[in-house]
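Scroll down for the structure; my scribbles are underneath it.
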Amino acid sequence: MTRYALLLLVLLLTITGCREEQPEMTAQAPKEPPPLPVDVITVAKENVPIWIEYTGKTEASKRIEVRARVSGRLEAIFFNEGEYVEEGQKLFEIEKDSYEAALKQANAQLARDMATLELARKDVERYRPLVAEDLAPRVTLEQYEAKVAELEAVIEADNATIRTAELNLSYTDVVAPIAGKISRRAVDVGNIVGFGDKTVLTTIVSDDPMYAYFNPTEAQFQIMRKFKVQDQMDARVTIPDNGEGLLVRKPLVGKVDFTDNRIDRMTGTITMRAEVANPEGMLLEGTFVYVEVMVTDQASFLMVPPGVVQDDQQGSYVYVLDETGSAKRVDITRGYESRHYLLVVAGLDGGEQVIASGLARIRPGAKVKPTDVTDEKGVMATLTKAGMVPGKE
């Protein structure tokens with residue numbers, strides 16, 4: 199066999215071997231990936247409590263400037279800065295000497311005038327029978343009677359002077375007009391206080407209850423007016439945790455107790471206020487808070503958890519289960535949204551099972567293995583756990 203013929207034979211055998219292996223390779227079909235485990239929530243149109251959320255700032259229900267009501271040298275301070283004080287608790291003492299002396303002088307003047315009045319009354323009693331028997335002129339009796347009336351008026355003035363002196367002396371003990379948390383002192387011992395505009399010594403704030411002011415837009419205010427089921431709407435005040443999970447606290451509950459009488463022209467908002475109990479002093483004045491107002495639980499809406507809604511260039515959408523157990527994209531129209539739910543205006547009719555987990559891996563047509571978590575993670579379940587369903591706190 200020539201060398202050329204040998205090479206030709208090897209080439210033919212190689213081609214034949216490749217053809218025989220070809221069917222075996224094409225016979226191996228690709229494996230279908232297993233269904234993706236996902237949580238699903240069955241959505242329904244139902245009476246969902248509508249809570250509208252705002253940002254707000256807290257303000258103490260009472261804020262008092264403690265001022266010196268009399269002048270003098272500040273002699274003592276009787277509180278620790280930043281502590282809670284009781285109504286009537288002594289806070290400062292102003293020098294008393296001049297006010298004690300003024301009270302003594304007023305009492306002495308009263309005693310002197312009382313003695314003079316007593317003498318004048320005796321003169322009247324002595325002259326009255328003499329005048330009756332024409333033994334003394336009537337004009338003299340009338341002069342003594344006028345003197346008695348004058349001295350009685352002087353006595354009244356003396357008593358008023360004494361009351362003023364007693365008040366001024368009492369004002370040297372500066373006491374807390376309300377119970378609350380006291381600020382730092384504004385004046386040190388040794389300073390002269392109380393001249394001119396009476397000196398501010400410190401401030402006290404009463405933080406239980408606490409006010410939270412917030413500003414709904416005109417449109418939001420009209421929604422409240424249309425749907426509210428009670429004059430004083432329920433309110434919840436929450437301190438943001440900044441996403442760190444360190445400041446998660448139970449919301450403080452109360453009522454909306456104030457609505458301003460006009461819309462601000464510049465901002466298009468109206469000022470409202472929620473009053474909440476703050477027994478533990480959790481809220482301080484000036485704290486940034488979330489204010490949630492419960493408008494109604496008597497209107498039917500279709501709500502979904504906000505986390506199930508996604509967005510792209512085509513708009514907002516959710517994934518639902520179709521009849522084959524696959525993921526199906528459904529475009530929706532968003533409505534009102536809060537941290538707890540999102541109103542679906544169009545796109546869902548109710549009864550759909552919306553996919554609530556694994557959304558980053560879901561594609562239209564993907565096979566999924568659903569687990570219904572409506573009772574744990576549905577909108578009503580979430581609101582119930584948060585204490586936002588009336589009668590189920």
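Every letter in the sequence shown is one number past the one before it in my numbering, and letter 369, counting from 1, is 567.
All residues carry an ideal CB built from backbone N, CA and C; glycine is no exception.
With DSSP collapsed to three states, give me the class of residue i.
{"i": "Tyr409", "result": "strand"}
{"i": "Ser555", "result": "coil"}
{"i": "Gln420", "result": "helix"}
{"i": "Gly576", "result": "coil"}
{"i": "Pro232", "result": "coil"}
{"i": "Gln220", "result": "Unreliable placement is indicated for Gln220, whose pLDDT of 49 sits below 50; no coordinate value is reported for it."}
{"i": "Tyr515", "result": "strand"}
{"i": "Asn476", "result": "coil"}
{"i": "Ile437", "result": "coil"}
{"i": "Ala225", "result": "Interpretation of Ala225 is limited by its pLDDT of 48, a score under 50 that renders its predicted location unreliable; the figure taken from the coordinates is listed afterwards. Ala225 falls in the coil class under three-state DSSP."}
{"i": "Asp356", "result": "helix"}
{"i": "Val337", "result": "helix"}
{"i": "Ser404", "result": "strand"}
{"i": "Ala564", "result": "coil"}
{"i": "Asn389", "result": "coil"}
{"i": "Val528", "result": "strand"}
{"i": "Ser368", "result": "helix"}
{"i": "Leu482", "result": "coil"}
{"i": "Glu257", "result": "strand"}
{"i": "Gly452", "result": "strand"}
{"i": "Val507", "result": "coil"}
{"i": "Thr457", "result": "strand"}
{"i": "Thr596", "result": "Residue 596 lies beyond the range of the chain shown here (199 to 591); nothing can be said about it."}
{"i": "Val246", "result": "coil"}
{"i": "Tyr539", "result": "coil"}
{"i": "Thr582", "result": "helix"}
{"i": "Glu550", "result": "coil"}
I'd like to know whether the C-beta of residue i is nearer than 7 Å to at least one C-beta of chain D.
{"i": "Tyr252", "result": "Of the protein chains in this structure there is only one, and it is not chain D."}
Is the distance from the Cβ of residue i to the Cβ of residue j below 7 Å?
{"i": "Ser169", "j": "Thr397", "result": "No answer is possible for residue 169: it lies beyond the span of the chain, which begins at 199 and ends at 591."}
{"i": "Arg324", "j": "Glu293", "result": "no"}
{"i": "Val552", "j": "Val516", "result": "yes"}
{"i": "Arg537", "j": "Ser514", "result": "no"}
{"i": "Ala558", "j": "Ala525", "result": "no"}
{"i": "Phe655", "j": "Ala475", "result": "Residue numbering for the chain in the displayed model covers 199 to 591; residue 655 lies beyond these limits and cannot be assessed."}
{"i": "Asp432", "j": "Ala258", "result": "no"}
{"i": "Ile262", "j": "Arg383", "result": "no"}
{"i": "Ile376", "j": "Lys448", "result": "no"}
{"i": "Leu540", "j": "Pro568", "result": "no"}
{"i": "Gln430", "j": "Val454", "result": "yes"}
{"i": "Val518", "j": "Leu234", "result": "no"}
{"i": "Phe412", "j": "Gly254", "result": "yes"}
{"i": "Ala410", "j": "Val391", "result": "no"}
{"i": "Gly545", "j": "Ile560", "result": "no"}
{"i": "Gly556", "j": "Val238", "result": "no"}
{"i": "Val322", "j": "Val346", "result": "yes"}
{"i": "Val403", "j": "Glu483", "result": "yes"}
{"i": "Met586", "j": "Leu481", "result": "no"}
{"i": "Thr584", "j": "Val506", "result": "A small fix is needed here, since residue 584 is Ala in this sequence, not Thr. No; because the gap between Cβ atoms is not below 7 Å, this pair is not in contact."}
Please name the residue in the options whose C-alpha comes closest to that of residue i.
{"i": "Ile437", "options": "Gln341, Val346, Ala242 and Thr256", "result": "Thr256"}
{"i": "Met422", "options": "Val329, Lys379, Asp439 and Glu490", "result": "Glu490"}
{"i": "Pro588", "options": "Asp495, Gly254, Val268 and Gly378", "result": "Asp495"}
{"i": "Glu343", "options": "Arg319, Tyr297 and Ala358", "result": "Arg319"}
{"i": "Ser296", "options": "Ser269, Gln511, Ile530 and Gly484", "result": "Ser269"}
{"i": "Glu550", "options": "Ile560, Asp570 and Tyr534", "result": "Asp570"}
{"i": "Gly378", "options": "Asp439, Val493 and Val264", "result": "Val264"}
{"i": "Met501", "options": "Glu535, Val329 and Arg561", "result": "Glu535"}
{"i": "Asp386", "options": "Phe277, Asn357, Tyr282 and Glu574", "result": "Phe277"}
{"i": "Ile468", "options": "Pro477, Phe456, Val427 and Ala355", "result": "Phe456"}
{"i": "Ala300", "options": "Gln341, Glu285 and Asn357", "result": "Asn357"}
{"i": "Gln420", "options": "Pro562, Val493 and Leu333", "result": "Val493"}
{"i": "Glu273", "options": "Leu308, Pro477, Glu285 and Gly388", "result": "Gly388"}
{"i": "Ile360", "options": "Val507, Lys302 and Pro335", "result": "Lys302"}
Indicate, with yes or no, if the ligand GTP has a heavy atom lying under 6 Å from the CB of residue i.
{"i": "Asp405", "result": "In terms of ligand content, the structure shown is empty, and the ligand GTP therefore cannot be addressed."}
Stretch-stretch touch, CB-based, cutoff 8 Å, three pairs: the region 355-365 with the region 244-252: Flag = no, the region 355-365 and the region 244-252 do not touch.
Beta strand (DSSP E) runs contained entirely in the region 263-332, provided each spans 3 or more residues: When DSSP assignments are scanned along the region 263-332, the uninterrupted stretches of beta strand (DSSP E) that are 3 or more residues long and fall wholly within it turn out to be 270-275 and 288-292.
At least 3 beta-carbon pairs within less than 8 Å: the region 282-295 vs the region 369-385: yes
The region 313-320 / the region 347-357 touching (three or more Cβ pairs under 8 Å): yes
Stretch-stretch touch, CB-based, cutoff 8 Å, three pairs: the region 458-476 with the region 402-421: Enough Cβ pairs lie closer than 8 Å, so yes.
The region 577-587 contacting the region 238-247, beta-carbon criterion three pairs below 8 Å: yes
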